[in-house]
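Q:
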Amino acid sequence: GQQVMQIPQYQHVQEGEDFTTYCNSSTTLSNIQWYKQRPGGHPVFLIQLVKSGEVKKQKRLTFQFGEAKKNSSLHITATQTTDVGTYFCAGALSNDYKLSFGAGTTVTVRA
Amino acid sequence: EPEVTQTPSHQVTQMGQEVILRCVPISNHLYFYWYRQILGQKVEFLVSFYNNEISEKSEIFDDQFSVERPDGSNFTLKIRSTKLEDSAMYFCASSELVRVYGYTFGSGTRLTVV
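Chains as they are written, first to last, in the numbering used here: chain B, 2 to 112; chain G, 26 to 139.
(1) Which bits of chain G does B/Phe20 rub up against, with CB to CB less than 9 Å?
(2) Expressed to the nearest angstrom, what Euclidean distance is found between the alpha-carbon atoms of G/Ser132 and B/Ser26?
(3) Mind listing which residues of the region 41-57 of chain B have their C-beta closer than 9 Å to chain G's C-betas, in chain order?
(4) So what's G/Thr32 in DSSP terms, helix, strand or just coil?
(5) Under a Cβ-count criterion, where at least 16 other Cβ atoms within 10 Å of its own Cβ denotes burial, should G/His35 be classed as buried or exposed?
(6) Using 10 angstroms around the beta-carbon of B/Asp19, count the other beta-carbons present and answer buried if the total reaches 16, otherwise exposed.
(7) Quick check on G/Glu81 - is its C-beta less than 8 Å from some C-beta in chain B?
(8) Does any residue of chain G bring its CB to less than 8 Å from the CB of B/Phe64?
(9) Less than 8 Å between CB atoms is the rule here; does G/Ser112 satisfy it with respect to chain B?
(10) Hey, would you say B/Gly86 sits closer than 8 Å to B/Gln7, going by beta carbons?
(11) Return the residues of the region 59-75 of chain G that lie within a Cβ-Cβ distance of less than 8 Å from chain B, sorted by chain order.
(12) G/Glu78 by DSSP, collapsed to three states: which one?
(13) Hey, is G/Ser98's beta-carbon within less than 8 Å of any beta-carbon in chain B?
(14) B/Gln34 touches chain G at which residues, Cβ-Cβ below 7 Å?
(15) When we look at the beta-carbon of G/Leu122 and count the other beta-carbons within 10 Å, is it buried (16 or more) or exposed?
(16) Taking the alpha-carbon positions, what's the G/Asp88 to G/Ser106 distance?
(17) On a Cα-Cα basis, can you pick out the residue from B/Thr28, B/Gln34, B/Gln15 that is closest to B/Leu75?
(18) Anyone know if the C-beta pair for G/Ile79 and G/Val72 falls short of 8 Å?
(19) Please report whether the beta-carbon of B/Tyr105 lies at a distance below 8 Å from any beta-carbon of chain G.
(20) What residue from B/Tyr36, B/Lys52, B/Thr109 has the CA that sits closest to B/Gln59's CA?
(21) Helix, strand or coil for G/Glu110, going by three-state DSSP, please let me know.
(22) Excluding five sequence neighbours on each side, which residues of the same chain lie with their C-beta closer than 8 Å to the C-beta of G/Arg94?
(23) Can you list the residues of chain C that G/Ser91 reaches, using a CB-CB cut of under 9 Å?
(24) Do you know offhand how far G/Tyr115's Cα is from G/Ile63's?
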């Protein structure tokens with residue numbers, strides 16, 4: 002079955018630093034989505050990438066979809082304490098109704 | 026902003042009992058989902074539902090699970106004869122158009138089987 006892998010599992014970041022989390026799929030995806038889950042909360046949709054090589058930005062967050070549509074990354078610049086949480090990528094195959102989630106990257110920030 | 030509403034927020038049940046988790050998806054959404062998340066682990070797909078029938082289900086969604094849309098607003102997940110390993114956070118989600126927009130998740134029901 003479809004597997005979505007995400008690394009690293011944990012990211013401890015000094016406030017103000019940048020970091021990147023990576024997502025890889027065993028199969029080509031029709032689209033990839035990113036979600037953020039705050040501690041004790043539920044996943045909240047951040048963005049969707051559909052096109053090969055697509056790059057989208059949301060303020061300090063930059064999302065990228067690989068050329069082969071099998072990998073994606075989320076880069077956060079100048080990390081703030083509000084960035085704390087778990088970031089999940091979730092991929093969908095062309096004919097699937099479901100999203101398959103990666104294991105998530107849990108981000109903690111040192112002030 | 027429209028929300029997906031889930032009740033109850035926390036359910037404690039004895040092993041072997043049946044539970045029904047309830048969800049009210051966003052009114053103009055057409056696709057509904059149940060996911061679960063065991064504490065500290067990934068979000069796992071259970072089932073998707075469209076046009077009053079299951080469109081896809083995972084290996085986790087065995088005969089002990091069932092879903093229903095009994096009326097125009099509610100979407101329920103029933104777990105028959107609960108097991109200890111069913112303890113998890115269960116999230117309902119809905120989407121307007123599959124693969125076009127992201128899912129809107131509810132706040133979840135924390136199920137504790139004792």
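The C-beta atom is built at its ideal place from N, Cα and C for all residues, glycine as well.
A: In brief:
(1) Near B/Phe20 there are no residues of chain G at all, since even the closest Cβ is about 20 Å away, more than 9 Å.
(2) When rounded, the separation of the alpha-carbon atoms in G/Ser132 and B/Ser26 is 27 Å.
(3) Answer in chain order: Gly42, His43, Pro44, Val45, Phe46, Leu47, Ile48, Gln49, Val51.
(4) Residue state, collapsed to three classes: strand.
(5) Counting of Cβ neighbours within 10 angstroms places G/His35 among the exposed residues, the total staying below 16.
(6) The residue is exposed, with fewer than 16 neighbouring Cβ atoms inside 10 Å.
(7) Chain B has a Cβ within less than 8 Å of the Cβ of G/Glu81.
(8) Taking CB atoms only, B/Phe64 has no neighbour in chain G less than 8 Å away.
(9) The beta carbon of G/Ser112 does not come within 8 Å of any beta carbon belonging to chain B, so the residue lies off that interface.
(10) For B/Gly86 and B/Gln7, no; Cβs fall outside 8 Å.
(11) The residues in question are Tyr60, Gln66, Lys67, Val68, Glu69, Phe70, Ser73, Tyr75.
(12) G/Glu78: strand per DSSP, three-state reduction.
(13) For G/Ser98, the answer is no, since every Cβ of chain B falls outside 8 Å of its Cβ.
(14) Result: Gly127.
(15) By the neighbour-count criterion, in which 16 or more other beta carbons inside 10 Å mark a residue as buried, G/Leu122 falls on the exposed side.
(16) One C-alpha to the other measures close to 10 Å.
(17) Ranking B/Thr28, B/Gln34, B/Gln15 by Cα distance to B/Leu75 puts B/Gln34 first.
(18) Result yes, Cβ atoms of G/Ile79 and G/Val72 sit closer than 8 Å.
(19) Checking the displayed sequence, the identity of residue 105 of chain B turns out to be Gly instead of Tyr. Among the residues facing chain G, B/Gly105 is included, as its CB has a counterpart in that chain under 8 Å away.
(20) Checking every option, the nearest Cα to that of B/Gln59 belongs to B/Tyr36.
(21) Correct three-state label for G/Glu110: helix.
(22) Within the same chain, and ignoring the five residues on either side of G/Arg94 in sequence, the residues whose Cβ sits closer than 8 Å to its Cβ are Phe57, Phe74, Asn77, Phe100, Thr101.
(23) The structure shown contains no chain C; its protein chains are B and G.
(24) If I take the Cα positions, the gap works out to 9 Å.
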